[in-house]
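What follows is one structure encoded as structure tokens, with my remarks underneath.
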Amino acid sequence: DSEREARKALVEQIGGTLFTIAKDVKIQVEFNPAEVAAYRLIGYENRMLAAEDFNDDTKDAGEIGAGHRVTALYEIVPAGQPTPGPEVDPLRYQVPQSLTTMAQTGEMMTVKVRYKEADGDTSALLEFPVTDDGKGLDAASDDTRFAAAVASFGMLLRTSRYAGDATLDSVLRMAQDAVGADPNGYRTEFVELVGKAQDIADAMQAEAAAEETAEEE
Numbered sequence: 001d002s003e004r005e006a007r008k009a010l011v012e013q014i015g016g017t018l019f020t021i022a023k024d025v026k027i028q029v030e031f032n033p034a035e036v037a038a039y040r041l042i043g044y045e046n047r048m049l050a051a052e053d054f055n056d057d058t059k060d061a062g063e064i065g066a067g068h069r070v071t072a073l074y075e076i077v078p079a080g081q082p083t084p085g086p087e088v089d090p091l092r093y094q095v096p097q098s099l100t101t102m103a104q105t106g107e108m109m110t111v112k113v114r115y116k117e118a119d120g121d122t123s124a125l126l127e128f129p130v131t132d133d134g135k136g137l138d139a140a141s142d143d144t145r146f147a148a149a150v151a152s153f154g155m156l157l158r159t160s161r162y163a164g165d166a167t168l169d170s171v172l173r174m175a176q177d178a179v180g181a182d183p184n185g186y187r188t189e190f191v192e193l194v195g196k197a198q199d200i201a202d203a204m205q206a207e208a209a210a211e212e213t214a215e216e217e
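Residues 1 to 217 in full-length UniProt numbering are what the sequence shown lists, from first letter to last.
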């Protein structure tokens with residue numbers, strides 16, 4: 001609906017649309033209980049893949065086009081930290097499963113990617129162990145921080161109970177600080193969108209306060 005959108009669809013992303021480099025791409029993440037007490041995938045609630053479907057080549061999945069990449073964000077609670085929500089009583093007839101020796105390697109998780117060649121029918125598996133370098137969000141890349149801002153904005157729009165202490169103001173500041181190299185102006189456009197949402201929210205809050213004051217008088 002604009003020149004910018006037309007350029008994005010017909011020039012910058014046309015290669016990924018026309019040329020599929022991998023099909024039935026599936027991603028599975030296994031967290032190490034020795035490092036992570038709890039985790040939650042942000043978004044994708046309606047596109048969750050059953051664990052048993054990961055190795056099933058008859059189950060369809062997504063396609064990856066040339067020049068495309070996929071980002072998944074997880075919220076985690078480090079091991080040893082209290083987990084949100086009510087506590088669960090210990091099991092009477094079972095004991096927690098013991099950990100393997102790999103749990104003591106310091107790895108936080110293993111990311112598995114299964115895919116088929118564009119003209120193939122048998123999938124291949126890639127595995128990537130990931131460790132935590134202990135850095136905070138401020139030390140993360142512009143891409144990671146901007147993705148976190150977008151995810152937080154989405155949760156605020158949905159009034160998600162997982163939004164935590166995120167606010168439109170915090171999202172705006174995070175996005176502004178992470179714009180980085182923005183040759184096509186998409187990140188700047190997002191910052192402007194959040195700014196408009198902030199203005200609308202402020203106006204609604206001011207209107208509600210005025211109505212409350214009028215009722216008291």
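All residues carry an ideal CB built from backbone N, CA and C; glycine is no exception.
Asked: Beta-carbon spacing of Phe-128, Val-194 below 8 Å; Found: no
Asked: One or two residues paired with Gly-67 in a DSSP bridge; Found: Paired residues: none, contrary to the question.
Asked: With 16 other Cβ atoms within 10 Å as the buried cut-off, status of Tyr-93; Found: exposed
Asked: Arg-145, enclosing beta strand (DSSP E) - first and last residue; Found: That residue, Arg-145, is in no beta strand (DSSP E); its alpha helix (DSSP H) goes 142-157.
Asked: Spatial distance of Ala-151 from Leu-137 (CA atoms); Found: 14 Å
Asked: C-beta contact flag for Pro-96 and Glu-35 at 8 Å; Found: no
Asked: Terminal residues of the beta strand (DSSP E) in which Gln-28 lies; Found: 20-31
Asked: Bridge-paired residues (DSSP) for Pro-82; Found: In DSSP, Pro-82 forms no bridge with anything.
Asked: Rounded C-alpha distance that separates Lys-59 from Asp-53; Found: 6 Å
Asked: Beta-bridge partners of Tyr-115, as assigned by DSSP; Found: Ala-124
Asked: Endpoints, alpha helix (DSSP H) assigned at Leu-73; Found: No alpha helix (DSSP H) holds Leu-73; DSSP gives it neither H nor E.
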